[in-house]
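There are 2 protein chains.
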Amino acid sequence: MTDKRRRRLPRSVREQEIIDAALHVFSKRGYHAAVVDEIAELAGISKPMVYLYLGSKEGLFVACVRRESERLVAAFREAAQAGDSPERRLWAGLSAFFAFVAEHRGSWVVLHRQSPGQGEAIAEELAAARRSVMAEVTGLVRDGITEGGGAVQLGDQDADFVAHALVGAADSLTDWMELHPEQAPGGVTLRLMNMVWVGMRNVLAGEVWAPPHDE
Amino acid sequence: MTDKRRRRLPRSVREQEIIDAALHVFSKRGYHAAVVDEIAELAGISKPMVYLYLGSKEGLFVACVRRESERLVAAFREAAQAGDSPERRLWAGLSAFFAFVAEHRGSWVVLHRQSPGQGEAIAEELAAARRSVMAEVTGLVRDGITEGGGAVQLGDQDADFVAHALVGAADSLTDWMELHPEQAPGGVTLRLMNMVWVGMRNVLAGEVWAPPHDE
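These protein sequence lines are chains A and R, in that order.
Sequential numbering from 1 applies to the first sequence in the UniProt record's numbering.
Sequential numbering from 1 applies to the second sequence in the UniProt record's numbering.
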């Protein structure tokens, strides 16, 4: 037994160390190939202790998804809150999102790459993570609508629509980032703002695109 | 043995009937809960014959994904080709996509709801389906860029970026459609065009959004 194993740590600290190790192993090996022995070894703790803390391999994965999605949402929220207009908040929030994905590759692998072979508990945790991100973006869009003034007839359904489109686009663009590793997260944000902001501003201002007439 | 079972059909026709049955059962029960007995029963054929034709439960699912993604891509392509401008092509392509999702719920469940517990072959087929859709949209955007004229310095990487954003947004918006079943596919298309077309037109015209300056 190494010195590391003998350390006595508060439960909460030990648990975070186990999740750190699990995240490393899951993102490197994938859910199927990952083995709890390696996670225990990396955390400097016995395998029975890992099970005692987090229940099962599935429990370990669920804990990773929960913690990393909370971190992602917190990073998005903190950045967005600092903005003093809908435009700045959206820009700051998206910047934080793409920066998080670039900096925390392991976290994003666990959140984004739903490895085949996972059970119901993991699927449910991933769905909850997505709902949580969606709620954050919906709130941001709703604030944008409210600030847009009374002339605009947009409601919660509209905010939720815009949030679904934005979250789906950002999610899919992380695949594009992987294909183009030379592209900085800031550049990705700029491109996406270019694509959606002008349209969103118009939507928030109550303008409506209509299909072109036959000429 | 029923009369239906005794019918002698060409292999290709029989195979399509089996895939019809498989699609029905998979979309209704999910991958895990689906059993080949029910698929065989519905197709009016013996279980060993089903295996002879499509190999395994996994093979049945792969066949469903392949056929339905080809149908989806064909519907998108046909609609988009009829348009005589980038704007009309995008509008027509997105309209066809959302109409397909609304009309062929079973197909979309199989393509979109990646049930947990699926193996590598299915994951690979789903990834191939997504690449196929992405290639179609990228081609459409690239044509838009080309028609935009020589002043625009946009390349394949830009087309691929826009395609990733659009496909991700459309994919995610099918969840919104499910939450709002009263919304017609045409209305969903209009909303998405509102959100992205103005921005895309500007991007294609070479305009660039920049972060707002501090005031």
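Glycine included, each C-beta is placed from N, C-alpha and C at the ideal position.
> Using the beta-carbon of each residue, which ones in chain A are nearer than 8 Å to histidine 164(R)?
Replying inline: Ala169, Ser172, Leu173, Asp175, Trp176
> Quick check: the stretch 95 to 108 of chain A against the stretch 69 to 79 of chain A, are there 3 or more CB pairs under 8 Å?
Replying inline: yes
> Helix, strand or coil for methionine 1(R) per DSSP?
Replying inline: Low confidence applies to methionine 1(R): its pLDDT is 45, below 50, so where it sits in the model is not reliable enough to give any reading.
> Closer than 8 Å, CB to CB, is phenylalanine 61(A) near chain R or not?
Replying inline: no
>> Please report the straight-line C-alpha distance between alanine 63(A) and aspartate 37(A), rounded to a whole angstrom.
In response: 17 Å
> Within 8 Å (strictly less), CB to CB, does glutamine 157(R) reach chain A?
Replying inline: yes
> What separation, rounded to the nearest whole angstrom, lies between the Cα atoms of arginine 142(A) and threonine 189(A)?
Replying inline: 21 Å
> Helix, strand or coil: how does DSSP classify glutamate 68(A) here?
Replying inline: helix
> Closer than 8 Å, Cβ to any Cβ of chain R: which residues of the stretch 87 to 113 of chain A, in chain order?
Replying inline: Glu87, Arg88, Trp91
>> Would proline 212(A) and glutamate 87(R) be called neighbours here (beta carbons separated by less than 8 Å)?
In response: yes
>> Using only CA atoms, which one of Gly83(R), Val65(R), Val162(R), Arg191(R) lies nearest to leucine 192(A)?
In response: Val162(R)
> When you compare each of Leu173(A), Ser27(A), Gly139(A), Lys57(A) to tryptophan 108(A) by their alpha carbons, which one comes out closest?
Replying inline: Ser27(A)
>> Using a Cβ distance threshold of 8 Å, determine whether the stretch 166 to 178 of chain R contacts the stretch 53 to 70 of chain R, with at least three qualifying pairs required.
In response: no
> I think isoleucine 18(A) touches leucine 52(A), with their Cβ atoms under 8 Å apart; what is that distance to the nearest whole Å?
Replying inline: Incorrect: roughly 10 Å between the Cβ atoms, too far for contact.
>> Measuring only the C-alpha atoms, how far is serine 46(R) from glutamate 125(R)?
In response: 26 Å
> Quick one: is aspartate 160(A) near chain R, going by C-beta distance under 8 Å?
Replying inline: yes
> Quick one: is arginine 142(R) near chain A, going by C-beta distance under 8 Å?
Replying inline: no
> When the cut-off is 8 Å and only beta carbons count, does glycine 139(R) lie next to chain A?
Replying inline: no
> Among Asp175(A), Val73(A), Ala210(A), His32(A), which one has its Cα closest to the Cα of glutamate 136(A)?
Replying inline: Val73(A)
>> Less than 8 Å between the C-beta atoms of alanine 165(A) and threonine 138(A), yes or no?
In response: no
>> Output needed for methionine 134(A): all residues of its chain with C-beta closer than 6 Å, excluding positions within five of it in sequence on either side, in chain order.
In response: Ala163, Val167
>> Which of the three DSSP states is assigned to proline 116(R) in this structure?
In response: A caution first: proline 116(R) carries a pLDDT of 48, below 50, which makes its placement in the model unreliable, though a value can still be read off. Note: proline 116(R) maps to coil in three-state DSSP.
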